[in-house]
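**Q** I have a structure I would like to understand better, so I am pasting it below and will then ask my questions one at a time.
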Amino acid sequence: MKLLAYLTVIGIMATSCTSTRITKAFKAGHLDEQASGVLIQELETGKVVFQHQADQYFMPASNAKLVTFLEATRILPDSIPTYRYLETKDTLYFWGTGDPSLLHPDLKGDALLKKLGASHKVLVLADSDTNVRPLGSGWAWDDYADDYSAEISSIPMYNNQVRISINSGNIQVSPTYFVSQVTKGESPFVQRGLHANTFEVPPVQNMPTVAVPYITSAKQTADLLSFHLNKPVLALPKSFDARSALAYAGKTDSLYLPMLHFSDNQIAEQLLYLIAAQKNWVGPTNKIIENLRKEDSLLLPLKWVDGSGLSRYNLMRPKDLVGVLLKLKAEVDEARLFKLLPESGRTGTVRKMVPATNSARFYAKSGSFGNTYNLAGFYLNAQGKMFVFSIMGNLGNRTITAMKQDVMLVLNALR
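Spelled out as structure tokens, the structure:
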């Protein structure tokens with residue numbers, strides 16, 4: 004009994020010392036001078052070692068991808084539901100599931116192309132544009148031509164982006180379907196029409212590859228497929244029925260990794276449509292999230308409006324994100340989870356963030372846009388103790404780099 008009491012006292016003292024260090028680190032930076040919320044607790048015991056406005060709402064930015072990740076791991080199988088199809092005597096009807104891998108420059112999915120290419124029937128893309136909202140609610144309107152704002156669609160192709168480069172004055176375009184729609188302009192930057200797939204490149208001799216989102220629609224997708232397959236693909240909306248089947252190809256982890264490591268917004272958004280396909284739901288995004296909220300009470304306290312976190316309408320609390328992380332830890336194999344989450348000093352968006360203690364490390368998802376930096380994940384200190392944490396910083400009139408340094412001050416106190 005004396006030994007147990009002694010160990011209990013030692014544990015309390017250790018927790019107290021950690022809390023004191025974190026408090027000093029929190030005040031040493033600038034987190035207390037802006038809208039910020041923090042929750043850090045021991046993973047094994049659940050003891051809270053530090054909290055600051057942990058029950059207040061903040062804009063999560065790409066920390067929202069952790070919610071998308073959790074729901075996807077719960078609903079999607081190991082393989083990607085890549086398209087839905089129905090064959091009659093003379094027609095192959097097909098619907099997109101939102102699978103973002105088709106002709107993606109890194110993922111290189113081709114399952115749908117193989118199916119369509121091998122068919123001798125009339126090919127009908129039966130998707131309806133009413134089931135997809137290309138741009139998310141609360142996205143910045145003037146980001147439409149930036150690579151991180153690729154549109155949402157039922158059948159993404161080429162990551163829904165045109166890639167343009169200039170080599171010795173020669174303009175190179177991928178996919179080549181858009182070659183005739185690219186001209187030289189006067190702006191020093193690549194431009195795209197607000198309401199048209201017309202592109203202008205700067206008057207230079209050499210330019211590295213720039214990815215620009217193109218405007219999507221079922222008709223545009225059918226045209227791209229026709230061009231790629233060199234045979235007609237018709238766009239005729241048709242509700243799928245019970246006779247249609249889902250085809251699977253590729254691994255879902257191949258989508259989770261770039262979403263988490265490189266914060267790929269388009270993949271995050273499309274994962275919601277993959278969930279809908281698996282559930283036999285239809286979009287747009289707000290309907291999918293509404294259905295998910297009906298099934299999972301964990302989502303009820305959140306204001307969750309998109310899959311990627313691009314929307315400034317999203318609102319989440321540090322305690323919500325810690326709750327999501329705890330569910331992930333309980334439901335996903337640890338080795339797999341820590342491979343998919345970026346690791347400090349090694350991978351993804353935290354590869355340049357290195358704890359002050361060499362043997363310490365963390366696995367975490369960052370989330371940032373102007374005036375906002377958040378980090379949520381798991382911290383393993385030098386003694387082998389693991390913590391789960393969420394640090395949210397909003398409305399900081401400082402650079403993202405400076406805000407990262409404040410977050411590292413707090414994490415380094417967990418040594």
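Taking this note's numbering, the leading residue of the sequence shown gets 4, the next gets one more, and so forth. The C-beta atom is built at its ideal place from N, Cα and C for all residues, glycine as well. Note that the structure is predicted; figures quoted are calculated from it, not measured.
If I'm right that K322 touches D35 with Cβ under 8 Å, what's the distance once you round it to whole angstroms?
**A** Taking the first residue of the sequence shown as position 1, residue 322 is located at position 319. Taking the first residue of the sequence shown as position 1, residue 35 is located at position 32. Contact flag wrong, Cβ pair sits at about 19 Å.
**Q** Can you round the beta-carbon distance between P358 and L263 to whole angstroms, since I take them to be within the 8 Å contact cut?
**A** Taking the sequence shown and counting its residues from 1, the one referred to as residue 358 is at position 355. Taking the sequence shown and counting its residues from 1, the one referred to as residue 263 is at position 260. Not confirmed; about 19 Å, so no contact.
**Q** Note down, in chain order, each residue of its chain lying with its Cβ closer than 6 Å to the Cβ of V51, except the 5 sequence neighbours on either side.
**A** For this step, residue 51 is matched to residue 48 along the sequence shown. Counting only Cβ-Cβ distances below 6 Å, and skipping sequence neighbours, we find Q44.
**Q** With burial defined as no fewer than 16 other Cβ atoms inside 10 Å of the residue's Cβ, what is the status of E189: buried or exposed?
**A** Along the sequence shown, read from residue 1 onward, the residue named residue 189 stands at position 186. Here E189 is exposed: its Cβ has fewer than 16 other Cβ atoms, across all protein chains shown, within 10 Å.
**Q** To the nearest angstrom, how far is it from the Cα of S229 to the Cα of R136?
**A** Position 226 of the sequence shown holds residue 229. Position 133 of the sequence shown holds residue 136. Taking the straight line joining both Cα atoms gives about 23 Å.
**Q** As an exercise, report each continuous alpha helix (DSSP H) stretch of at least 4 residues that is fully enclosed by the stretch 323-356, in chain order.
**A** 337-343
**Q** Should S369 and L383 be called a contact, given that it needs their Cβ atoms to be closer than 7 Å?
**A** For the purposes of this step, residue 369 is identified with residue 366 of the sequence shown, where counting begins at 1. For the purposes of this step, residue 383 is identified with residue 380 of the sequence shown, where counting begins at 1. With a cutoff of 7 Å on beta-carbon distance, S369 and L383 are scored as not near each other.
**Q** Going along the chain, which residues of its own chain have a beta-carbon closer than 8 Å to the beta-carbon of A8, five neighbours each way excluded?
**A** The residue you call residue 8 lines up with position 5 of the sequence shown. Below a pLDDT of 50, predicted positions are generally treated as unreliable, and A8, at 47, falls in that range; the measurement from the model is reported next regardless. Taken in chain order, the list of residues that qualify is empty.
**Q** Nearest to K92 by CA position, among V207, V125 and T71, is which residue?
**A** The count along the sequence shown starts at 1 and reaches residue 92 at position 89. Nearest C-alpha to K92: V125.
**Q** Does DSSP put I292 in a helix, a strand or coil?
**A** Indexing the sequence shown from 1 puts residue 292 at position 289. Of the three classes helix, strand and coil, the one that applies to I292 here is helix, per DSSP.
**Q** I need the DSSP call for N268, collapsed to helix, strand or coil.
**A** On the sequence shown, position 265 is the one that residue 268 refers to. DSSP places N268 in helix when its eight states are reduced to three.
**Q** Please classify M395: does DSSP put it in a helix, a strand, or coil?
**A** The residue given as residue 395 occupies position 392 in the sequence shown. M395 falls in the strand class under three-state DSSP.
**Q** From L275 to R296, what does the alpha carbon distance come to, in whole angstroms?
**A** Looking up residue 275 in the sequence shown gives position 272. Looking up residue 296 in the sequence shown gives position 293. Their backbone Cα atoms lie some 13 Å apart in a straight line.
**Q** Take L95 and list the residues in its own chain whose beta-carbon comes closer than 6 Å to its own, dropping the five residues that flank it on each side.
**A** Working through the sequence shown from its first residue, we reach residue 95 at position 92. Closer than 6 Å at Cβ, skipping near neighbours: S122, K124 and L126.
**Q** Beta-carbon within less than 8 Å of S140's beta-carbon, same chain only, minus the 5 sequence neighbours each way: which residues are those?
**A** For the purposes of this step, residue 140 is identified with residue 137 of the sequence shown, where counting begins at 1. Once the five neighbours on either side are set aside, the close Cβ partners of S140 are T288, N289, V308, D309, S314 and Y316.
**Q** Whose CA, out of L303, L329, T133 and A153, lies closest to the CA of K241?
**A** Against the sequence shown, residue 241 aligns to sequence position 238. Ranked by Cα distance from K241, the first of L303, L329, T133 and A153 is T133.
**Q** If we ignore side chains and look at the alpha-carbon of each, how far apart do G32 and A38 end up?
**A** Position 29 of the sequence shown, counted from the first residue, corresponds to residue 32. Position 35 of the sequence shown, counted from the first residue, corresponds to residue 38. Rounded to the nearest angstrom, the two C-alpha atoms are 13 Å apart.
**Q** Considering only the alpha carbon of each residue, which of D149, D267, I394 and T23 lies closest to M319?
**A** Within the sequence shown, the letter at position 316 stands for residue 319. That would be I394, whose Cα lies nearest to the Cα of M319.
**Q** How about A28 and V413: do their beta carbons lie closer than 7 Å?
**A** Position 25 of the sequence shown holds residue 28. Position 410 of the sequence shown holds residue 413. Yes, the Cβ-Cβ distance between A28 and V413 is below 7 Å.
**Q** Going by the DSSP bridge assignment, what does Y251 pair with across the sheet?
**A** Stepping through the sequence shown from its first residue, residue 251 is reached at position 248. The partner list for Y251 (beta bridge, DSSP) reads P84.
**Q** Evaluate T48 with the Cβ neighbour count: other Cβ atoms within 10 Å of its Cβ, from every protein chain shown; 16 or more gives buried, anything less gives exposed.
**A** In the sequence shown, counting from the first residue as 1, residue 48 sits at position 45. T48 comes out exposed.
**Q** Would DSSP call L417 helix, strand or coil?
**A** As a first step, residue 417 is located in the sequence shown; it is residue number 414 there, counting from the start. In this structure, L417 counts as coil in the three-state DSSP scheme.
**Q** Could you tell me the distance, in whole angstroms, from the CA atom of L115 to the CA atom of P80?
**A** Walking along the sequence shown from the start, residue 115 turns up at place 112. Walking along the sequence shown from the start, residue 80 turns up at place 77. Going from the Cα of L115 to the Cα of P80 covers about 18 Å.
**Q** Which of helix, strand or coil does DSSP assign to T212?
**A** One-based indexing of the sequence shown puts residue 212 at position 209. In this structure, T212 counts as strand in the three-state DSSP scheme.
**Q** Quick one: using the 10 Å Cβ neighbour count with 16 as the cut-off for buried, is N162 buried or exposed?
**A** Reading the sequence shown from its first residue, position 159 is the one you call residue 162. Buried, by the Cβ-count rule.
**Q** If you draw a straight line from the alpha carbon of L237 to that of F243, how long is it in whole angstroms?
**A** Along the sequence shown, read from residue 1 onward, the residue named residue 237 stands at position 234. Along the sequence shown, read from residue 1 onward, the residue named residue 243 stands at position 240. Their backbone Cα atoms lie some 16 Å apart in a straight line.
**Q** Does any C-beta atom of chain D lie closer than 7 Å to the C-beta of T76?
**A** The chain labelled as chain D is not found in the depicted structure, where only one protein chain is given.
**Q** Going by beta-carbon coordinates alone, are P63 and I270 separated by less than 7 Å?
**A** Residue 63 sits at position 60 when you count from the first residue of the sequence shown. Residue 270 sits at position 267 when you count from the first residue of the sequence shown. No, the pair does not count as a contact, with Cβ atoms beyond the cut-off.
**Q** Of all the alpha helix (DSSP H) runs that stay within the bounds of the stretch 92-132, which reach a length of 4 or more residues?
**A** 114-121
**Q** Quick one: is N209 buried, meaning 16 or more other Cβ sit within 10 Å of its Cβ, or exposed?
**A** The count along the sequence shown starts at 1 and reaches residue 209 at position 206. N209 comes out exposed.
**Q** Just the C-alpha distance for R354 and D150, rounded to the nearest angstrom, thanks.
**A** Numbered from 1 along the sequence shown, position 351 holds the residue referred to as residue 354. Numbered from 1 along the sequence shown, position 147 holds the residue referred to as residue 150. Distance between the alpha carbons of R354 and D150: 21 Å.
**Q** I think I158 touches L105, with their Cβ atoms under 8 Å apart; what is that distance to the nearest whole Å?
**A** Translated into positions along the sequence shown, residue 158 becomes position 155. Translated into positions along the sequence shown, residue 105 becomes position 102. That belief holds up - the Cβ atoms of I158 and L105 are roughly 6 Å apart, short of 8 Å.
**Q** Please classify A333 as buried or exposed, where buried requires at least 16 neighbouring CB atoms within 10 angstroms.
**A** Taking the first residue of the sequence shown as position 1, residue 333 is located at position 330. Per the 10 Å Cβ criterion, exposed.
**Q** Which value, in whole angstroms, describes the spacing of the CA atoms of Y88 and V41?
**A** Residue mapping note: residue 88 aligns to position 85 of the sequence shown, counting from 1. Residue mapping note: residue 41 aligns to position 38 of the sequence shown, counting from 1. Taking the straight line joining both Cα atoms gives about 47 Å.
**Q** Using a Cβ-Cβ cutoff of less than 6 Å, which residues in the same chain neighbour I218 once the five nearest sequence positions on both sides are dropped?
**A** For the purposes of this step, residue 218 is identified with residue 215 of the sequence shown, where counting begins at 1. If we look at I218 and ignore the five residues flanking it on each side, its Cβ neighbours are N200.
**Q** The alpha helix (DSSP H) spanning L318 covers which residue range?
**A** For this step, residue 318 is matched to residue 315 along the sequence shown. Run containing L318: none; DSSP gives neither H nor E here.
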